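Enquirer: Got a structure for you, written out below as structure tokens; questions coming shortly.
Residue numbers (our numbering): 1 to 561.
Written as structure tokens, this is what we have:
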């Protein structure tokens, strides 16, 4: 990191050697679980920053300094220390955490020497002081040169209140209390979550978008563990500024390869997916779509977030074609890309017609198109579709391809309307959902995506079937079942002019009752026996009863007369 990094106002960084309880203290101050906590050293790798709204400062958690283990190879250790250097330069206060159980070790002195070079305000914190006996061991840390340590127990919360009071004494009161924070509110940011398998280039893409080395990158799979949030402000050529919040997540592994750290990483990644507006699913151009990619894509589709598919490492394809090494069966790179895209869509057929972008984080090939596509998908996610246009589109889909017969009857839609956004939800009032097969449901989904340009937007179709005879809601469907979506009969039905039920769902009165309600006398039925036309047949003798018979009389009774 550059030494000219500017200090962030009201910011606090937690630093120290590995496994002294930095992440646990970070979570304790925030009063919620953000960083992954584990007994193994070297779990935290990226710089994690979160706002403390009650105290009014930005808190940063960093990886451990100076320890190379099997869990943390040398290349990752170097990247971690670059992140730590950045946090120290950006912070106004540095919390230097040591372990009271182990006392002052040479690595603590190494960290102290690093901190003195930066000339920052340092608060020495002796962690794991769970009892008074351990507190007596804190005298060993005076030789570090930062005065008396603050005794805390991050696990139990002991001494954390005193630590916060000391931080407040240095930073001063919150800006709101002094009236210093005046002006426009913070811009509303579109939340982007970068997800994918390990080692497909998620962090590299994040660094390209941020235009910095904010995220730890290495060729070792599984480098990222905690979700890392970063604010991203992108200036367009027209001078407009787009505001994003970028979240880099850990790579998704197969369940058979899970360990404890992978389990907690996956939990944090799932939380990031649920909170995201748009998810960028990163694939590797070398490997194509794998089973794990399909599982992750299905999870994204269920979350209700918008989705962009990014095929990274496309520079390898460029390199091969430019070297004159033609891929077997393809004449040029554009044909290969077109066939690759078609095969990808075939494998991920259940996704909402998501846009596919071919990029290379290594050469910065078309990475900025991700932001433009993200903003467009976010706009589509919150659009409102008018009920009239929706029903016309549904009618056209039914006319173009009617549903198949099921047990002699066909699926019918009486009415459709949009009920929610994020995810965009369409509710269908139909005769019976049991008659709708999965294939036709996908046909409706793809047809609506195409009709209203919903590329990358998840669409939830909800079906309300016709109630049973004993259901009080059946009155509404009685009024609708003679109508066809988008037709004039449906308009009459909604106005209460078709069927036995009016628009409010109440039964229409009979003609006699309507006449009485209007003040006119009801027509009386004629007295005497009722007669009906006799059925024609060879057994009927012509001339008898004039072709009519009196109901209730047998042939023998008529002969006696």
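Just so you know, even glycine gets a beta-carbon here, dropped at the ideal spot from N, CA and C. Note that the coordinates shown come from a computational prediction; the quantities given were computed from them, not determined experimentally.
1. Could you give the DSSP three-state label for residue 488: helix, strand or coil?
2. Rounded to whole angstroms, what is the Cα-Cα separation between residue 138 and residue 168?
3. For the beta strand (DSSP E) that contains residue 51, what are its first and last residues?
4. Is residue 47 closer than 9 Å to residue 63 when the C-beta atoms are compared?
5. In terms of alpha-carbon separation, which member of 314, 384, 272 lies closest to residue 303?
6. Report yes or no: do three or more beta-carbon pairs, one from the stretch 85 to 103 and one from the stretch 119 to 127, lie closer than 8 Å?
7. If I follow the unbroken beta strand (DSSP E) through residue 349, where does it start and stop?
8. If the criterion is Cβ atoms closer than 9 Å, does the pair residue 229 and residue 50 meet it?
9. Residue 55 by DSSP, collapsed to three states: which one?
10. How many Å lie between residue 306 and residue 458 at the Cα?
11. So residue 196 is in the beta strand (DSSP E); what residue range does that whole segment cover?
12. For residue 120, does the three-state DSSP call read helix, strand or coil?
13. Can you give the beta carbon distance from residue 248 to residue 227, rounded, assuming they're within the 8 Å contact cut?
14. Once the 5 residues before and after residue 465 are set aside, which same chain residues still bring their CB inside 8 Å of it?
15. Just the C-alpha distance for residue 394 and residue 462, rounded to the nearest angstrom, thanks.
16. Does the Cβ-Cβ distance between residue 380 and residue 456 come in under 9 Å?
17. Taking the C-alpha atoms as reference points, what is the distance between residue 23 and residue 268?
18. Buried or exposed for residue 414, going by 16 or more other Cβ atoms inside 10 Å?
19. Look up residue 165 in the DSSP assignment and say whether it is helix, strand or coil.
20. Does the stretch 271 to 289 come close enough to the stretch 335 to 348 that 3 or more CB-CB pairs lie under 8 Å?
21. Between the alpha carbons of residue 60 and residue 84, how many angstroms are there, rounded?
22. If we count Cβ pairs, one from each stretch, closer than 8 Å, do we get three or more for the stretch 196 to 216 versus the stretch 353 to 361?
23. Which partner residues of residue 243 appear in the DSSP bridge assignment?
24. Would you please state the rounded distance, in angstroms, between the beta carbons of residue 25 and residue 154? I believe it to be under 8 Å.
25. DSSP three-state call for residue 95: helix, strand or coil?
26. On the DSSP letters alone, give me the boundaries of the alpha helix (DSSP H) that residue 371 sits inside.
27. What separation, rounded to the nearest whole angstrom, lies between the Cα atoms of residue 147 and residue 98?
28. Leaving out five residues on either side along the sequence, give the residues of the same chain with a beta carbon under 8 Å from the beta carbon of residue 436.
29. By DSSP's criteria, residue 309 is part of a beta bridge. Which residues make up the other side?
30. When burial is assigned at 16 or more other CB atoms within 10 Å of the CB, is residue 531 buried or exposed?
31. If we count the other Cβ atoms within 10 Å of its Cβ and call it buried at 16 or more, is residue 128 buried or exposed?
32. Which same chain residues end up closer than 6 Å to residue 177 when comparing Cβ atoms and leaving out the 5 residues on each side of it in sequence?
33. Would you list the residues sitting across from residue 84 in a DSSP beta bridge?
34. Give the range of the alpha helix (DSSP H) segment to which residue 386 is assigned.
35. Below 8 Å on the Cβ atoms is my contact criterion, and I expect residue 215 with residue 232 to pass it. Report the Cβ-Cβ distance as a whole number of Å.
36. In the DSSP output, which residue or residues are listed as bridge partners for residue 461?
Expert: Working from what's here:
1. Below a pLDDT of 50, predicted positions are generally treated as unreliable, and residue 488, at 47, falls in that range; the measurement from the model is reported next regardless. Helix, per DSSP.
2. Whole-angstrom Cα-Cα distance: 23 Å.
3. Secondary structure note for residue 51: its beta strand (DSSP E) is the uninterrupted segment 48 to 52.
4. The answer is yes: Cβ separation under 9 Å.
5. Checked all of 314, 384, 272; the closest Cα to residue 303 is 272.
6. Cβ pair count under 8 Å is three or more, so yes.
7. Note, residue 349: premise wrong, no beta strand (DSSP E); not H, not E.
8. Cβ distance < 9 Å, so residue 229 and residue 50 count as in contact.
9. Looking at residue 55 - three-state DSSP - the assignment turns out to be coil, as it is neither helix nor strand.
10. The alpha-carbon separation between residue 306 and residue 458 amounts to approximately 6 Å.
11. Per DSSP, residue 196 belongs to the beta strand (DSSP E) from 190 to 196.
12. The answer is coil: DSSP assigns residue 120 none of H, G, I, E or B.
13. About 7 Å; that satisfies the 8 Å criterion.
14. When the five nearest sequence neighbours on each side are left out, the beta carbons in the same chain lying within less than 8 Å of the beta carbon of residue 465 are those of 430, 431, 432, 433, 434, in order along the chain.
15. Between the alpha carbons of residue 394 and residue 462 lies a gap of roughly 14 Å.
16. Judged by their CB atoms, residue 380 and residue 456 are nearer to each other than the 9 Å cut-off.
17. So the two alpha carbons sit approximately 14 Å from each other.
18. Classification for residue 414: buried.
19. Under the three-state reduction of DSSP output, residue 165 falls in the helix class.
20. Segments in contact, yes.
21. Taking the CA atoms as reference points, residue 60 sits about 10 Å from residue 84.
22. Touching, yes, given that three or more Cβ pairs across the two stretches are closer than 8 Å.
23. Per DSSP, 233.
24. That belief holds up - the Cβ atoms of residue 25 and residue 154 are roughly 4 Å apart, short of 8 Å.
25. The three-state secondary structure of residue 95, taken from DSSP, is strand.
26. From DSSP, the alpha helix (DSSP H) with residue 371 extends over 369 to 381.
27. Residue 147 and residue 98: Cα-Cα distance of roughly 13 Å.
28. Within the same chain, residue 436 has close Cβ partners 403, 411, 430, 463.
29. Beta-bridge pairing links residue 309 to 281, 356.
30. Residue placement at residue 531 is flagged as unreliable, the pLDDT there being 45, under the threshold of 50; a coordinate-derived value is accordingly withheld.
31. Flag for residue 128 reads buried.
32. Below a pLDDT of 50, predicted positions are generally treated as unreliable, and residue 177, at 45, falls in that range; the measurement from the model is reported next regardless. So no residue of the chain qualifies.
33. Looking at the DSSP assignment, residue 84 forms no beta bridge with any residue, so it has no partner.
34. Premise fails: residue 386 is in no alpha helix (DSSP H) and is neither H nor E.
35. The beta-carbon distance between residue 215 and residue 232, rounded to whole angstroms, is 12 Å. This is too long to meet the 8 Å contact definition.
36. According to DSSP, residue 461 bridges with 426.
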